[in-house]
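Here our numbering is used: the first residue of the sequence shown is 51, the next is one more, and so on.
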Amino acid sequence: ISYKAHLVMPWHKAEDAARETRAGSGGIGTTRRGIGPAYADKMQRSTAIRVADLLHENTLRQRIEHVVAERNKVFKALYDLPPLDAAAIVDQYRLLAGRIAPFVDDTTALLLDAAAAGRKILFEGAHAVLLDVDHGTYPFVTSSNCSALGLFTGAGVPARLVRNFVGVIKAYTTRVGGGPFPTEQANETGDYIRQRGNEYGTTTRRPRRCGWFDAVAVKYGVDMCGATHIAMTLLDVLGGMEQVRICTAYRHRGQLVTRFRADMDMLAEVEPVYETLPGWKEDISACRRFEQLPEPARQYVRRVEEILGVPIWMLSIGADREATIIR
């Protein structure tokens, strides 16, 4: 655990939930786990608490008391929330500090030492490009740089260490919470994908919005991140359909749009332009070579690959780890 990591504190969760509740249908659909308010404090600086603070009891107590005194005034005035107990929070985090202290390290130094020793390093990111705070569908985003571009600031390593970028995509498109979704299928097709793909939020279990593969949006992410390879997951979910569709462009006010723009007003007005391909009925989860897939499934993969301009190196075709094809 990096000593530089910021902590999500109890007041962050309280603020996140209160904001979303007050916003009602106008909220941005957060998970209410305090992530946004924690990032706000990170930028505010004087009200943030880091892992390093846990290792210094006096500093921890002073910072918690300072922040709680301020937050209680805000919470009372804006949300009519009961006051937080600073002493109880200090006691709780003193215990937590003792538990995680053995795992705290200078992770940048650890990674640089590993690279110098010739070790192989795999970086894995969460979320997706369209949730990136700078390059995503703002304000319907998370609070961090979660594209590949955030790797270097997040891990604190130089760009020269990374040789390959694997872009992970689904064989269809999903979204949790609010925000534009041109290819959304709020119908039986969307329900079919959701049930077969178990498309429910990881932390909230909210049903994900599901739709056809949006190649315009995916190519935006692939190009921005400089993906050298693609891993396509959940190809098996599309099995059983008579036909499958790929959005290759948008139509906006009579004009054909082939490049994605993170412009919410524009995205709310676009109509997807689809290519329709034949579907497949077979269960593909037992396939272990690309050649074993039904021809329509292979045609679908090749067409996505052609549009993105990056080789699809890996296919996930089932729930088991072994249900994977390396091309």
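C-beta: ideal position from N, C-alpha, C; glycine also.
Report the rounded CA-to-CA distance for V268 versus Q245, giving the unit in angstroms.
Those two C-alpha atoms are separated by around 23 angstroms.
From the DSSP output, in three-state form, read off Y188 for me.
Of the three classes helix, strand and coil, the one that applies to Y188 here is coil, per DSSP.
Within a Cβ cutoff of 6 angstroms, which residues of the same chain sit near Y129, ignoring the five residues on either side of it in sequence?
Result list for Y129: A68, in chain order.
Rounded to whole angstroms, what is the Cα-Cα separation between R352 and T239?
Their backbone Cα atoms lie some 23 angstroms apart in a straight line.
Alpha carbon to alpha carbon, what distance is there between I376 and L365?
Looking at the two C-alpha atoms, the distance is approximately 7 angstroms.
Residue(s) in a DSSP beta bridge with C337:
Beta-bridge annotation (DSSP): C337 is not paired with any residue.
8 angstroms Cβ cutoff met for Y143 and A102
The Cβ-Cβ distance between Y143 and A102 does not fall below 8 angstroms.
Using a threshold of 8 angstroms, state whether the C-beta atoms of I296 and W330 are closer than that.
Taking C-beta atoms as the reference points, I296 and W330 fail to come closer than 8 angstroms.
Tell me R259's beta-bridge partners as DSSP assigns them.
Assignment of beta-bridge partners to R259 by DSSP yields R225.
For E234, which residues in the same chain have their Cβ closer than 6 angstroms to its Cβ, ignoring the five residues on either side in sequence?
Within the same chain, E234 has close Cβ partners R259 and G261.
Compare the C-alpha of Q112 against each of V124, Y89 and A136 and name the closest.
Scanning V124, Y89 and A136 for the CA closest to the CA of Q112 turns up A136.
Touching by the beta-carbon criterion (3+ pairs, under 8 angstroms), the stretch 187 to 196 and the stretch 312 to 325:
Contact between the stretch 187 to 196 and the stretch 312 to 325 is present: 3 or more CB-CB pairs across the two stretches fall below 8 angstroms.
Are there three or more Cβ pairs, one per stretch, closer than 8 angstroms when the stretch 197 to 209 is compared with the stretch 273 to 286?
Three or more Cβ pairs drawn from the stretch 197 to 209 and the stretch 273 to 286 lie within less than 8 angstroms of each other, which places the two stretches in contact.
Own chain partners of L284 with C-beta closer than 6 angstroms, once the 5 adjacent residues on each side are dropped:
Residues of the same chain with a CB within less than 6 angstroms of the CB of L284, apart from the 5 flanking positions on each side, are K220, A221 and G247 in chain order.
Measure from the alpha carbon of L380 to the alpha carbon of each residue in E355, E325, T374 and E174, then state which is nearest.
The first residue shown for the chain is 51 and the last is 377, placing residue 380 beyond what the model contains.
May I ask you to report which of helix, strand or coil DSSP gives G404?
Lying outside 51 to 377, the shown extent of the chain, residue 404 is not represented and no answer is given.
8 angstroms is my cut-off, CB to CB: does R82 come that close to chain C?
This model lacks chain C altogether, as it is built from one protein chain only.
Assign E249 to buried or exposed, taking buried as 16 or more other Cβ atoms, counted over all protein chains shown, within 10 Å of its Cβ.
Buried, because 16 or more other Cβ atoms sit within 10 Å of the Cβ of E249.
Are the CB atoms of V154 and I280 nearer to each other than 8 angstroms?
Contact: no.
Straight-line CA distance for T298 to I114?
A straight line joining the alpha-carbon of T298 with that of I114 spans about 51 angstroms.
Leaving out five residues on either side along the sequence, give the residues of the same chain with a beta carbon under 6 angstroms from the beta carbon of I362.
Here I362 has I280, M282, V351 and E355 as same chain residues with Cβ atoms under 6 angstroms from its own Cβ, once five neighbours each way along the sequence are excluded.
State the start and end residues of the unbroken alpha helix (DSSP H) segment that holds I309.
The sequence as given places Arg at residue 309; Ile does not occur at that position. That residue, R309, is in no alpha helix (DSSP H); it is neither H nor E in DSSP.
Using DSSP's beta-bridge definition, name the partner residues of R72.
Among the bridge pairs identified by DSSP, R72 is matched with none.
Spell out the partners DSSP gives V323 in its beta bridges.
In the DSSP output, where bridge partners are listed per residue, V323 has A299.
Cβ shell of L288 (< 6 angstroms), same chain only, five flanking positions each side left out:
The beta carbon of L288 is closer than 6 angstroms to those of A221 and V294 in its chain, skipping five residues each way along the sequence.
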